[in-house]
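S.K.: Starting off with a structure, shown below.
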Amino acid sequence: MIAIIQKLYYSKLRIHIQHRCCGKIPNNKNDEISLGLNCPTDCEGQVKKWPTGNRIQYKFHPEIESAFNQQINVEFDAFYNYLSMASYFGRVDVALPGCESFFTQMHNEERDHALQILNFVKMRGGFIKLHPISAPINQNWKCPLHAFSSALELEIAVSNKLYTVNTIAEKHGDLNACDFIVTKFMENQMKSINELAKLVTVLSSIGDGTLSRFIFDKDLLSNHVLPIFNILRDNKKIHPESEKN
């Protein structure tokens, strides 16, 4: 029964396709065999090469495009480092949820920055050329002070790279690129550097004792982490019964 239905359906579908493509209905078996051989396609007369290679880059100089592509790599490199830090502090033998949540927030921010730049390059008609991302040389972040000091150095390095991209954009008179860098990134970078510098100062003052580490981590989770990145809150969502207690 199924074979009969398939045969009837195929026959009607074949006639419909050939009628659409060639403007004729097959009269015999030979027409059926040659179905589509001489039929014009919707693409005939159109551009043969694809991708076309056409680029509309209004005042988007190749040097600026290259600088932005390098900046994407810088942002992803920072993302990789913060992911390593978050993973370290989330280990069962380290167990600092405040630090884990903070660096989870930071790695998410760096990923968003990379994607914003990527979309800007595409919007300007540029091509994306991704570069390799290297793993952090040392993934043992030891204590919060070591990790936050490294994070501060990382944010300063990212900011310096952004200044370089902005300088290149200014050299070529690309006002749109300059505005994009200044309004979307530089203020956030200054805030991050300021916040990390203060946290490093606090950690340098209180030392790395068990109690001081616990208090710092709790304060970090309460005052420096958005609720969406709070690891402990996320665990409560996974286990609703914990919210009742």
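For the sequence shown, full-length UniProt numbering gives the first residue as 1, with consecutive numbering after it.
For each residue, glycine too, the CB sits at the ideal point set by N, CA and C.
Please classify residue 63 as buried or exposed, where buried requires at least 16 neighbouring CB atoms within 10 angstroms.
M.R.: Classified as exposed, residue 63 has fewer than 16 neighbouring CB atoms from the shown chains inside 10 Å of its CB.
S.K.: What does a CB cutoff of less than 8 angstroms around residue 65 pick up in its chain, not counting 5 residues either side in sequence?
M.R.: 57, 121, 124, 126, 127
S.K.: Hey, out of 150, 77, 159, 224, whose CA is closest to residue 188's CA?
M.R.: 159
S.K.: If you follow the alpha helix (DSSP H) that residue 71 is in, where does it begin and where does it stop?
M.R.: Counting along the chain, the alpha helix (DSSP H) containing residue 71 begins and ends at 62–89.
S.K.: Pick helix, strand or coil for residue 98, following the three-state DSSP scheme.
M.R.: helix
S.K.: The alpha helix (DSSP H) that contains residue 202, what's its start and end?
M.R.: 187–206
S.K.: State buried or exposed for residue 163, treating a residue as buried only when at least 16 other CB atoms are found within 10 Å of its CB.
M.R.: exposed
S.K.: Just to confirm, is the Cβ distance from residue 221 to residue 98 under 8 angstroms?
M.R.: yes
S.K.: Whose CA, out of 181, 216, 96, lies closest to the CA of residue 199?
M.R.: 216
S.K.: Please list, in chain order, all residues of the same chain as residue 110 whose beta carbon is under 7 angstroms from its beta carbon, the five residues on each side excluded.
M.R.: 75, 78, 79, 82
S.K.: Between the Cα of residue 136 and those of 130, 147, 143, spot the shortest distance and give me the residue it belongs to.
M.R.: 147
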